[in-house]
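Read the structure below first, then the notes.
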Amino acid sequence: MTRPSCWWTWLWRPTTRGTTSHQSHFITNLPPDVKVALQDEPIAMENHGKGLAMSAVVENPRLLDFFDVISLSLDKSGNAYVSTLEAIRYPIVATQWHPEKNPFEWTPSLHIPHTDNA
0 MTRPSCWWTW LWRPTTRGTT SHQSHFITNL PPDVKVALQD EPIAMENHGK GLAMSAVVEN
60 PRLLDFFDVI SLSLDKSGNA YVSTLEAIRY PIVATQWHPE KNPFEWTPSL HIPHTDNA
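With numbering that gives the first Met the number 0, letter number 51 in the sequence shown gets 50, and the count goes up by one each step, no holes.
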């Protein structure tokens with residue numbers, strides 16, 4: 000269900016919209032420039048050791064009944080994993096990235112993006 004540890008530690012990637020992202024309250028309430036930046040630029044901070052593989056979601060009807068997949072990301076090997084989920088009938092959003100990234104983190108070894116959009 001999850002991928003091996005350490006595939007995503009300190010990884011900066013753009014997200015890919017899921018098939019239901021156009022219906023997402025989370026996404027539709029973002030400013031247009033933020034939506035574009037999240038999809039096109041490597042600004043989503045992904046500092047985690049494991050993630051939910053898209054194949055695990057597809058194989059689990061209970062997950063599909065409860066959540067919509069809003070975005071996907073790729074690990075270092077190019078495997079898709081779920082980066083944003085939103086409950087279909089409840090006000091619940093789950094992210095596998097850090098939308099609260101601190102803009103004042105300047106650790107050179109981490110290569111943290113500091114563009115205007117980041």
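Each residue gets a CB set at the ideal place from its N, CA and C atoms; glycine is no exception.
R88 versus L62 - alpha carbon distance | 13 Å
Quick one: give me the first and last residue of the alpha helix (DSSP H) that L63 is part of.
-> 60 to 65
Please classify G48: is it buried, with 16 or more other beta-carbons within 10 angstroms of its beta-carbon, or exposed?
-> Exposed, because fewer than 16 other Cβ atoms sit within 10 Å of the Cβ of G48.
Nearest to D74 (by Cα), restricted to the options P90, E104, I111, W96 = W96
Assign T114 to one of three DSSP states: helix, strand, or coil.
-> coil
E40 and N116 look like a contact to me (Cβ under 8 Å); what is the Cβ gap, rounded to whole Å?
-> 6 Å
For the candidate residues M53, T83, I69, whose alpha-carbon lies nearest to that of G77?
-> M53
Residues of its chain near Q184, where Cβ-Cβ distance is below 8 Å and the 5 sequence neighbours each way are ignored | Because the chain is modelled from 0 through 117, residue 184 falls outside the range shown and cannot be assessed.
Residue(s) in a DSSP beta bridge with M53 = Looking at the DSSP assignment, M53 forms no beta bridge with any residue, so it has no partner.
Work out the CA separation of I111 and E104 for me, nearest whole Å.
-> 7 Å
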